[in-house]
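Participant:
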Amino acid sequence: MAHAETAGPITAPPAEDERLSARILRFLGRAPVHIFLVVIGLLWLVPTLGLFLTSLLSPGDFGDQGWWQLFSEPSKVTFENYEAVFDNDTLISALFTTLIVAVGGTILPIIVAAMAGYAFAWLDFPGRDWLFILVIALLVVPLQMALIPIFSLYNKLGIFDTTLSLILFHTAFGLPFAIFLLRNFFIGIPRDLMEAARIDGASEIRIFLRLILPLGLPAIASLGIFQFLWTWNDLLVALTFCRETQPITVAIFSQLRQFGANIELIAPATFVSLIIPLGVFFAFQRYFVEGLLAGSVK
Amino acid sequence: MTRRIRGRAAALTLIGALALIAAGCGGDDGGSSGDGGDVSGTLAVTAIWSGAEQEAFQAVIDGFTEANSGVTVNYTSGGDQLPTQLSTAVEGGNPPDIAFLGQPGLVRDFVEKDALQPLDFAREDVETNLGDSAVQLGSVDDTLYGFLFKAANKSLVWYNVAAFEDAGVEPPGTWDDFLAAADTIGASGIPAFSIGGADGWTLTDLFENIYLRTAGPEKYDQLAAHEIPWTDQSVKDALTEMAKVVGNGDNIAGGTTGALQTDFPTSVSNVFSESPKAAQVIEGDFVPGAVESGLEPETDYNVFDFPAINDSAPSVVGGGDTVVMFKDSPAAQAFIRYLTTVEAAEIWAERGGFGSLNQDLDTGTYPDAIQQTAAGALSEAEVFRFDLSDLQPAAFGGTVGQGLFKLFQDFVQNPDDVDGITQQMEDAAAKAFG
Amino acid sequence: MSVTGSVAGDPPVTPTPEAVESGGWRRHALAAGFLAPAAIFLGVWIVYPTLTTIWRSFFDESGDEFVGLQNYQTLFTSDVILTAIKNNAIWVLVVPALVTSVGLVFAVLTERIPWSVAFKTAVFMPMAISAFAAGITWRIVYLQEPDRGALNAGIAVVKDSFSSGGVLADARPSSDALEGTSQGTIRLAEPVGRGDIALLGLTAIGSSEVPDDAEQAVRPEALQGGIRGVVWRDFKPGGGTAGEVEPDELGLPGVTVKLRTSGGGAVGSTMTATDGTFSFDEVESGEYSVAIGSESFSQSFGGVTWLGEKLVTPAILISYLWIWAGFAMVVIAAGLAAIPRDVLEAARTDGGTEWQVFRRVTVPLLAPVLTVVFITMLINVLKVFDIVIAIAPGSVQDDATVLALQMWRTAFGGSNDFGVGSAIAVFIFLLVVPILALNIRRFRREL
Chain A
8 MAHAETAGPI TAPPAEDERL SARILRFLGR APVHIFLVVI GLLWLVPTLG LFLTSLLSPG
68 DFGDQGWWQL FSEPSKVTFE NYEAVFDNDT LISALFTTLI VAVGGTILPI IVAAMAGYAF
128 AWLDFPGRDW LFILVIALLV VPLQMALIPI FSLYNKLGIF DTTLSLILFH TAFGLPFAIF
188 LLRNFFIGIP RDLMEAARID GASEIRIFLR LILPLGLPAI ASLGIFQFLW TWNDLLVALT
248 FCRETQPITV AIFSQLRQFG ANIELIAPAT FVSLIIPLGV FFAFQRYFVE GLLAGSVK
Chain B
2 MTRRIRGRAA ALTLIGALAL IAAGCGGDDG GSSGDGGDVS GTLAVTAIWS GAEQEAFQAV
62 IDGFTEANSG VTVNYTSGGD QLPTQLSTAV EGGNPPDIAF LGQPGLVRDF VEKDALQPLD
122 FAREDVETNL GDSAVQLGSV DDTLYGFLFK AANKSLVWYN VAAFEDAGVE PPGTWDDFLA
182 AADTIGASGI PAFSIGGADG WTLTDLFENI YLRTAGPEKY DQLAAHEIPW TDQSVKDALT
242 EMAKVVGNGD NIAGGTTGAL QTDFPTSVSN VFSESPKAAQ VIEGDFVPGA VESGLEPETD
302 YNVFDFPAIN DSAPSVVGGG DTVVMFKDSP AAQAFIRYLT TVEAAEIWAE RGGFGSLNQD
362 LDTGTYPDAI QQTAAGALSE AEVFRFDLSD LQPAAFGGTV GQGLFKLFQD FVQNPDDVDG
422 ITQQMEDAAA KAFG
Chain C
26 MSVTGSVAGD PPVTPTPEAV ESGGWRRHAL AAGFLAPAAI FLGVWIVYPT LTTIWRSFFD
86 ESGDEFVGLQ NYQTLFTSDV ILTAIKNNAI WVLVVPALVT SVGLVFAVLT ERIPWSVAFK
146 TAVFMPMAIS AFAAGITWRI VYLQEPDRGA LNAGIAVVKD SFSSGGVLAD ARPSSDALEG
206 TSQGTIRLAE PVGRGDIALL GLTAIGSSEV PDDAEQAVRP EALQGGIRGV VWRDFKPGGG
266 TAGEVEPDEL GLPGVTVKLR TSGGGAVGST MTATDGTFSF DEVESGEYSV AIGSESFSQS
326 FGGVTWLGEK LVTPAILISY LWIWAGFAMV VIAAGLAAIP RDVLEAARTD GGTEWQVFRR
386 VTVPLLAPVL TVVFITMLIN VLKVFDIVIA IAPGSVQDDA TVLALQMWRT AFGGSNDFGV
446 GSAIAVFIFL LVVPILALNI RRFRREL
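As they're listed, the protein sequences go chains A, B and C. For the first sequence, the numbering used here assigns the number 8 to the initial residue and increments by one for each residue that follows. For the second sequence, the numbering used here assigns the number 2 to the initial residue and increments by one for each residue that follows. For the third sequence, the numbering used here assigns the number 26 to the initial residue and increments by one for each residue that follows.
(1) Alpha carbon to alpha carbon, how far is C:Ala450 from C:Phe410?
(2) Measuring only between beta-carbons, confirm whether A:Val53 sits less than 8 Å from chain C.
(3) Could you name the residues of the segment 401-423 of chain B whose beta carbon sits closer than 8 Å to any beta carbon of chain C, in the order they occur along the chain?
(4) B:Lys432 to B:Phe305, Cα distance in whole Å?
(5) Which one or two residues does DSSP pair with B:Leu439 in a beta bridge?
(6) Can you list, in chain order, the residues of its chain whose CB lies under 6 Å from that of A:Ala276, leaving out five sequence neighbours each side?
(7) Which runs of the alpha helix (DSSP H) spanning at least 4 residues fall entirely within the segment 309-395 of chain B, listed in chain order?
(8) Quick check on DSSP: helix, strand or coil for A:Glu271?
(9) Starting from the Cα of A:Asp241, find the closest Cα among A:Phe289, A:Tyr161 and A:Leu281 and give me that residue.
(10) Anything in the segment 236-261 of chain A with a Cβ closer than 8 Å to a Cβ of chain F? List those residues in chain order, please.
(11) Quick one: is A:Gly70 near chain B, going by C-beta distance under 8 Å?
(12) For A:Ala22, which three-state DSSP category applies?
(13) Are the segment 133-143 of chain A and the segment 75-82 of chain A in contact at 8 Å, needing three or more beta carbon pairs?
(14) Is the segment 410-420 of chain C touching the segment 338-345 of chain C, taking contact as three or more C-beta pairs under 8 Å?
(15) How about A:Ser65 and A:Phe278: are their beta carbons less than 8 Å apart?
(16) Skipping 5 residues on each side, what residues in its chain have a beta carbon closer than 6 Å to that of B:Ala376?
(17) If we require 3 or more residues per run, which beta strand (DSSP E) segments fall completely within the segment 37-114 of chain A?
(18) Are there 16 or more other CB atoms within 10 angstroms of the CB of C:Ala56, so buried, or fewer, so exposed?
(19) Flag C:Phe411 as yes if its beta-carbon sits less than 8 Å from any beta-carbon of chain B, otherwise no.
(20) Within 10 angstroms of its Cβ, does B:Asp30 collect 16 or more other Cβ (buried), or is it exposed?
(21) Answer with buried or exposed for B:Leu87, where buried requires no fewer than 16 other C-beta atoms within 10 angstroms of its C-beta.
(22) Does the beta-carbon of C:Lys283 have 16 or more other beta-carbons within 10 angstroms, so that it is buried, or is it exposed?
(23) Please decide whether B:Gly295 counts as near chain A, where near means a Cβ-Cβ distance under 8 Å.
(24) Does B:Thr423 pass the burial test, meaning 16 or more other C-beta atoms within 10 Å, or should it be called exposed?
(25) Could you list which residues in chain C have their beta carbon closer than 9 Å to that of A:Ser172, in chain order?
(26) Check for me: the alpha helix (DSSP H) holding A:Tyr161 runs from which residue to which?
(27) Find the residues of chain B that neighbour C:Phe260, judging by a C-beta separation of less than 7 Å, and give them in chain order.
(28) In terms of alpha-carbon separation, which member of B:Glu228, B:Trp202 and B:Glu56 lies closest to B:Thr263?
(29) Cβ of B:Gly248 less than 8 Å from any chain C Cβ?
(30) Can the beta-carbon of C:Phe144 be found closer than 8 Å to that of A:Gly223?
(31) For B:Ile348, I'd like the list of residues in its chain whose CB is within less than 6 Å of its CB, leaving aside the five on either flank, ordered along the chain.
(32) Note down the Cα distance separating A:Asp131 from C:Arg51, rounded to an integer number of angstroms.
(33) Taking DSSP's pairing of strands, which residues face B:Tyr76 in a bridge?
(34) Using only the alpha-carbon positions, how far apart do B:Thr47 and B:Asn303 sit?
(35) Among residues of its own chain, excluding the 5 on either side of B:Ala23, which ones have a beta-carbon nearer than 6 Å to its beta-carbon?
(36) Relative to chain C, which residues along the segment 232-257 of chain B have a C-beta separation below 8 Å, given in chain order?
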C-alpha cells in the first residue's frame, strides 16, 4: 500500500524505467547487506583467530602487545608453545582421557539408544507410548539433578575418578535425545521393507542388525557427532567426578585457576582441545546440521 | 591443588639454571653422615620430583650410599599423583620407607591413620641443624614426624632493576623504607606495585607476610588454628598496614580494579618486561618460573627479602617438602639423619632450585645471587611458618572465589572497612571450622 | 528437515498374524530385552538421582538431619544465591529473545546471498567449540589492557582518532600546592597576583614520557606587573624535594597554562617553553588562579574492565550469543527454506513491501520454528555453567554466578553443602518443568 501512495504524485512513469530503477534500488539496497554480512562474518572469526594467534606468540611478546602484532611482525610466530604442550605429560594424558571418554561416550549410547529406538518404533508392547513420553520428559531434566546422588553412588561403587564413570554418565544423559532421534528416524523406514523381512522369517534381532541399523545410518551419524562433541566438550561432569583422571577441559581449567596460569600454555592447549571437535564438525557438517534440526524441532 | 601446582612451579623456577650445570659434578664430598657403613638394606623413597629435580635428588642419595655401601636407595617419582598414590599404598599396607610430602595437612592425616613413624631419634639433629621452627612444623602433638628437607620462600619482593634505578631507590630493608620507596617510584612515573589480585592467594600471601611480622609467630599460629578470631586487633592492625600497599590505586598497575583483573603470571610479566608496567611484585621464589621474559637475573630483575616491620625478626612464610618415614629400619634412620646434615643440603643447593632451612648451609653454595637471596633467607630466618591459608579448611582458605581469597579481594576493593571485612572473615572461618 | 518430517510419521506396522500366534509373551520379552539397557541407564542415572536429589534437599549439610524447607529458605536469603537467581533471570529475559532475533536476521539476510555458506560456516563454527574453550577465547578478547585485549584495543583506536593528544600522558600534583587531577585540570591551590611566581610541579611522569626537547627546569625571575611560572617534572632519582625546582629536574615544554580570574573568567592562555617556564606579561591587579588545561594530557586509555563486577554478565552474554547465534540461524534458515515460494510471491504480487511480507507472512509462518529455537535457548540458559566459570575471574564469580554454577560451587566447589546444593538443583528443575509439560503435550498430540 505504501508503495502506491509514494508513487502517487508521479504520473504514470514508463513501465521499463520502473523496472530499471527498481533493479538499481535493489542493488543499492543489497550492497549494505553484503557489507554487513562480511563485517559480521569477520567479527565472528576474530575471537577464534585471536586465540590461535595468541598461541603462536612467545609470552614475552604477548606481554608487550596482543595477537594483532603478528600482522605487522609475522616473524614473531613461534611454535614453542605447542612444543611445550606436547611435552607436557599432564596435558597429553588429559587429551587421551578426553578421547577415551568421547569415543566411549559416543558408541555406548548409540548402541543402547538404537535398541530402544527400534523397540519404540517397531515393536509392540503395552505402555509403549507412555514410556516414550517418559523418555521425552527426561530430555529436559537438568543434569544438576544427578550430580550429587551419582557422586555418592560412584564413591560407593569405587568408580569415582575413572573414565568409565564419565562414559556411563554421558551415556545416560545422552540417551533421551538419542532415543528420541533414532526412534523418529526408524519409524520413517518404509513399512513394506519391514514386512517383507518379517515374512521372510527374519528374527527381530536380525532385522535390527541387518535392516534398521544400515538404513538408520544417517541418523546414527548425526547422533554420533552430537554425542562426540558433547562429551568432548564437557567440563561440568568431569569437574565433578574426576580428580586425577582429568580430561583436557579440566586440565586446562586447573591451569587457568591456579598458580601457573600461563597464557602460553592455556592458549595452545585450548586450541588443541578445540581443533579436534572443529575437524569433526567440518568433516560431518551435514550430519551435524541434520541432527540439530531433528533434535530441536521437537 | 593449589599447593601442588605451586610446588611444581617452584620446581620449574630453576630448571633453566639446573640445565646449565653439568650433572656429573656431584657427590664429591657426599656422605659424612657419621654412622659409617654399618647399616644395610634397601630403601624405597618417593617424592614428586622428576626431571632435573630428580637428578639433583639422586645426587643427594648417591652422597648417602657412598658412605653406606650396604644400603640401596630406590627412588621413584610420584609426580602430581603422589598424595593419592601414598594414600592408596597406606591403605594397601605397602607404603614406601620414606616419602616427601608437599602438603602440610598430609602429615597430620597420615599420623591420624597411624601410618608414620616418629622421628625421635633425629630430633636433636633437626633442632641443631634446622632450628626450632623446623621441629615445630614437623611435629604433631609434640611428636616429631617429619621436617622440611626442601623449602620454598614466599617472603620475597621481585623488582625491575631499571625501574628502581630510574626512581633512584635502593631495595629497602624496613617496611617504612619500603613504603617510602614505593611513593618515590610512583612519583617517577611508574606504579610501584603489580598485584595479581585475580588470584586470591597472592593477596593472602601478602597478608600472611605482614601478619607474621606485625603480630609475631605465636599469634600467627593461633590464627592459623583459629584459636583467636579474625576480628582480633592484631588482624586489624595487619590489614591497616596492608592497605598502605593495596589501598593506593594510583600506585598499582591498572589501579585497584585492574589489580583484581590481573592473574599471577600477568602480575609477574608486568614487572619482568622491557617496558614494565610496575616496578615490583611481592611473591615467592617461583616468580621467575612464572613467565618467560627474556630478562637477565640481577642486571634486569632482582629480588630482596620482604622487609621487616617494627624490627621484626627475619621471618619467612613458605612451604616445601617434608620428609616422613613410613617404615622404621636402621637404614631408614640413617638416611633420615643424613638428610638433616649440611652435606646433604649442599649437594642439592649447589645445583640450584633448592632451599634449605639448614643453618650451617653457606648461602654462597647457591649458584647465583638471586637464589642466594631467596634460599639464603630460609637458613637465616629465625621464624619460618607455613602459608597460613594452606593450613585452613579448603572452603575457607583454598577455594577460588570463596572464603579468604574472595574476602581479601573485597578488602582490596574497599580497604577502609577493616572492621567489616574482619567480621566477614570471622564469620566464614567460624563456619569452616564448624 | 528430512528427519524432522518423520516425527509424526507412520504408525508402526501391526504385528503380522504369525507373530500374534507365536505368543505375546515372547514379543514382550523381546521388547523388554531391547529396552532393558536404556531402562537401566535412565533409571540409575536420571530417575533415581532425580528422586534422591529432591529427597536430599530436605536434609542438612551432613544429610543426617531433616530440616524441612530450610535449604529452600537459604536459596532466597543467601546473597550469592540471590545474585545467581537475579542473573539467571537476566539470562532468561535477554538470551532466548536475543539469540532468536539475531538468528532470524542472519537467516533472512543470507537467504538470497550467493556466498551465504561461507557466512553461515563462520557463524556456526563456535557451536562445535566447547563452551569452556569459547570462554577462554573470549577471556583473551576481554583482557583489560588495550595492549592485549582485542576489544579494548579497538576502543582505544576509536578513542585516539577523536582525541587531540596532549604532550603529557598522565600526571599528578607533586605537592599540596596544587590540586586536581589530569582527568580535569590541575591548578594552584592558592590564588596568585601580579609579581608572583607560579610553581606547577608534576610527578608520576615516566622519564620516557617527557618531551624530547625538555631542558633543565628553571625557576623564573619575578616580573613586575605580570605572572611568571614554571611547569616541570618535580622528580629526580631518589625523589628530590617536592615543590622545589632542583637540578636534574626537567621543564615540561608545550603545556598549556591558563590564567583565570578568581571568579572563573578566562584571562589568558600560554604555552610553556623548553625549560618549562611561562609568562603572562601584563596582568591587572587582583587574584588569579593558574591551571594546566586538560588539553595538555592525552589520558592513556586504561581499558574498559569488561570482566569487572558490573560488566561481567553482559560480557558473558555476548560470548554466549557468539556461540548460539549460528544454531538459531541454521534452524531458522531451514524453516525459511520450507516456506513455499508461491506464498511469498503471492504476497509480493499483492503489492506488499519486503518488510510487510516479512512481518505479515514470513514471521507467522516461521512461528513454530522460532518457538522451538526460543524454547531450546530457554532450556540451555537455565543450565548455563561452563562459559560463566571460564570467563568470570575468581574475584567476580560471586557477581557473575548463575544457578547451575552456584549449585556446583555449593555442592562441590569447596563448601560441599549437598543440602543447599540439592535445593538449587531442584529449583532449576522446577524452572524447566513447564517446558517439560509443554513438550509432553505436544507429543501426546503427535503420537
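We treat Cβ as the ideally placed atom computed from N, Cα and C, and that holds for glycine.
Facilitator: Let me lay it out:
(1) 13 Å
(2) yes
(3) Val401, Gly402, Gln403, Gly404, Phe406, Lys407 and Gln410
(4) 38 Å
(5) Any property of residue 439 of chain B remains undetermined from this structure, which presents chain B solely from 2 to 435.
(6) Same-chain partners within the cutoff: Val92, Leu98 and Ile259.
(7) 331-340, 343-350 and 370-381
(8) Note: A:Glu271 maps to helix in three-state DSSP.
(9) The residue with the shortest Cα to Cα distance from A:Asp241 is A:Leu281.
(10) The chain labelled as chain F is not found among the protein chains of the depicted structure, namely A, B and C.
(11) yes
(12) Any reading at A:Ala22 needs caution, since the residue's pLDDT is 48, under 50, leaving its predicted position unreliable; the model's value is listed next. Under the three-state reduction of DSSP output, A:Ala22 falls in the helix class.
(13) Counting Cβ pairs under 8 Å, fewer than three are found: no touch.
(14) yes
(15) In this structure, A:Phe278 does not lie closer than 8 Å to A:Ser65 by Cβ.
(16) Excluding residues within five positions, the ones whose Cβ falls inside 6 Å are Gly356 and Tyr367.
(17) Counting only runs of 3+ residues, no beta strand (DSSP E) is found wholly inside the segment 37-114 of chain A.
(18) That one is buried.
(19) Sequence inspection shows Asp at residue 411 of chain C; the Phe mentioned does not correspond to that position. No, C:Asp411 does not count as interfacial toward chain B.
(20) For B:Asp30, the pLDDT reaches just 37, beneath the cut-off of 50, and the residue's location in the model is therefore unreliable, leaving the point undetermined.
(21) buried
(22) buried
(23) yes
(24) For B:Thr423, the number of other beta carbons within 10 angstroms of its own is at least 16, and it is reported as buried.
(25) The contacting residues do not exist; A:Ser172 stays about 11 Å from chain C at best.
(26) Start and end: Gln151 to Leu164.
(27) Ala188 and Ser189
(28) B:Trp202
(29) no
(30) no
(31) Gly27, Ala60, Val61 and Gly64
(32) Taking the straight line joining both Cα atoms gives about 11 Å.
(33) B:Val46
(34) 34 Å
(35) The predicted model places B:Ala23 with a pLDDT of 32, which falls under 50 and marks its position as unreliable; any figure quoted below should be read in that light. So the list is empty, once near-sequence residues are dropped.
(36) Asp251, Gly255 and Gly256
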